[in-house]
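Here the structure comes first, spelled out in structure tokens, and everything after it is commentary.
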RNA sequence: GCCCGGAUGGUGUAGCGGUAACAUAGGGGACUGUGGAUCCCCUGUCUCGGGUUCAAAUCCCGGUCCGGGCCCCA
């Protein structure tokens, strides 16, 4: 026997039921984005490799699916969607009226060790807000991400807010040079506080200041932040949080240890977790960033977020969310081959009226067909028999109750609705 | 890239050196006009490659894939 060709590592096939769930959640997400004035865009699955390596350093190339095409171009399957969307903006949308609100749903690719909630091909949902940096704009953005996760049905999610400008200001006050920020941020991100302190000592930061910085990272309120630093960034952070409350969110945590993985973030940053997911619990991450000048565009403020769609689905399942099922309104059953053509005409007519209808294509007996109708969850069966046809009637059977009535074919439509 | 645990019909499982089994799903029939019931029949399986053995689904080694945890995470 030939060896079966199997699905590649880290990828998934989706059964019809799973696809129905995914499309259902996608539809909800699209509607929410649109209700906030966002418009959907799509970019190619692959881009020039350079788009992703420009700002992110070289180590990450190991996680990128990169390849050369036949014209010897260096290309890459997109590992995320912010860079492609901003590339798109710089190429074609710079003159659009501001604020520009764009959203996307698309597959991304990373060569990673697969785990639950982590795949090599996965779906990211996200948006970019271009052209405004008012506190209300960022508050709305955060509120939007939170609303999406709540409205698709998640009950237990945790929003955490951080601010990179504040950390940078404090580091500057401590005498740390800008080109040293990156490696420090990396240590904060990994919660390697011992090494962080060591590094700060090496940078000749006074012991008392290092201790203070540690305490600063554990701040969980604006008031506490003010004990460490007075800077415009703190006031701005405060304003965003005030507007967030106006939008209706008052449950969140201040966490100065939030450091997004990419260098291009600045200012406000936020993450949303679903604790139920364990190790891979982060559902959403985003914030303010600066990427446009890097791609040669005229500098305007930008912020955005990305939601891990697959993880959101897993979290919903873990929480026991009941998804709707795909059902058939009507299953049309010809009693025998003589009534088959009539049955087909009936199913045609129903489909034209946007009724979800199917007809027996296996020339099965009535008993088997009814069994099939119930297994595909048809709400009603229409039985097309010769006796009734003589009177221009058919039988409509309610599959839940088992009750059936004989109706005139002309009145069929009204009986089904 | 590292550590641990797995892999048996489409799905869920039993067997743990000696005839591959059960449930369920799918197809047909009992029943040529009434479903979710019953009975019968059919289809279909040991992740792959080596090794040990008279004999391997079972033991050993390696690969692949899955799950859990690291690393990483745009």
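Numbering (this note's numbering), first residue to last: 93 to 509. Glycine residues also receive a C-beta, built at the ideal position from the N, C-alpha and C atoms. Note that the coordinates shown come from a computational prediction; the quantities given were computed from them, not determined experimentally.
For residue 123, the enclosing alpha helix (DSSP H) begins and ends at 108-127. Contact between residue 311 and residue 364 does not hold, since the beta-carbon distance rounds to 20 Å and is not under 8 Å. Every beta strand (DSSP E) stretch that sits fully inside the segment 391-438 and reaches 3 residues is listed by chain position as 394-400 and 420-426. Taking the Cα positions, residue 192 is about 5 Å away from residue 222. In the three-state scheme derived from DSSP, where H, G and I count as helix and E and B as strand, residue 340 is classed as coil.
Distances from the alpha-carbon of residue 108 to those of 499, 186, 417 and 248 put 417 closest. Two segments are said to touch when three or more pairs of C-beta atoms, one from each, lie closer than 8 Å; by this definition the segment 323-341 touches the segment 249-257.
Ranked by Cα distance from residue 169, the options 178, 181, 190 and 214 are led by 214.
Counting along the chain, residue 192 sits inside the beta strand (DSSP E) bounded by residues 192-201. Taken in chain order, the complete alpha helix (DSSP H) segments of 4 residues or longer contained in the segment 270-296 are 273-281 and 285-294. Where residue 184 is concerned, there is no enclosing alpha helix (DSSP H), because DSSP gives it neither an H nor an E. Annotated three-state conformation of residue 450 is strand, per DSSP. Linking residue 383 to residue 474 through their CA atoms gives a straight-line distance of about 60 Å. When DSSP states are grouped into helix, strand and coil, residue 231 belongs to the helix group. Beta-bridge partners assigned by DSSP to residue 207: 210. With a contact defined as Cβ atoms closer than 8 Å, residue 398 and residue 218 qualify at about 4 Å. With respect to the 7 Å criterion, residue 427 and residue 452 are not classified as neighbours on the basis of their beta carbons.
Sorting 103, 224 and 235 by C-alpha distance to the C-alpha of residue 206 places 103 at the top. Secondary-structure assignment with DSSP links residue 252 through a beta bridge to 345 and 363. Put simply, the segment 382-396 does not touch the segment 427-444. Fewer than three CB pairs are less than 8 Å apart. For residue 184 and residue 229, the gap between their C-alpha atoms comes out near 23 Å. Residue 375 carries a strand assignment under DSSP once its states are collapsed to helix, strand and coil.
Sequence-distant Cβ neighbours of residue 155 in its own chain, meaning closer than 7 Å and more than five residues away, are 171, 202, 203 and 204.
Spanning the alpha carbons of residue 166 and residue 300 requires a straight line of approximately 49 Å. Under the DSSP assignment, residue 169 falls outside any alpha helix (DSSP H), being part of the beta strand (DSSP E) whose first and last residues are 166-169.
Membership of residue 469 in any beta strand (DSSP E) is not indicated, and neither H nor E is assigned to it by DSSP. Here residue 237 really is in contact with residue 378; their C-beta atoms are around 6 Å apart, less than 8 Å.
Taken atom to atom, the span from the alpha-carbon of residue 433 to that of residue 509 is near 23 Å. Relative to the Cα of residue 134, the nearest Cα in the group 111, 177, 246 and 490 belongs to 177. For residue 489, the three-state secondary structure derived from DSSP is strand. It is roughly 37 Å from the alpha-carbon of residue 173 to the alpha-carbon of residue 294. Under the three-state reduction of DSSP, residue 370 is assigned to helix. The beta carbons of residue 368 and residue 407 sit closer together than 7 Å.
With contacts defined as CB atoms closer than 7 Å, residue 466 and residue 491 qualify as a contacting pair.
Residue pairing by DSSP places residue 219 opposite 195 and 397 in a beta bridge. Residue state for residue 160 is assigned as strand, using DSSP reduced to three classes.
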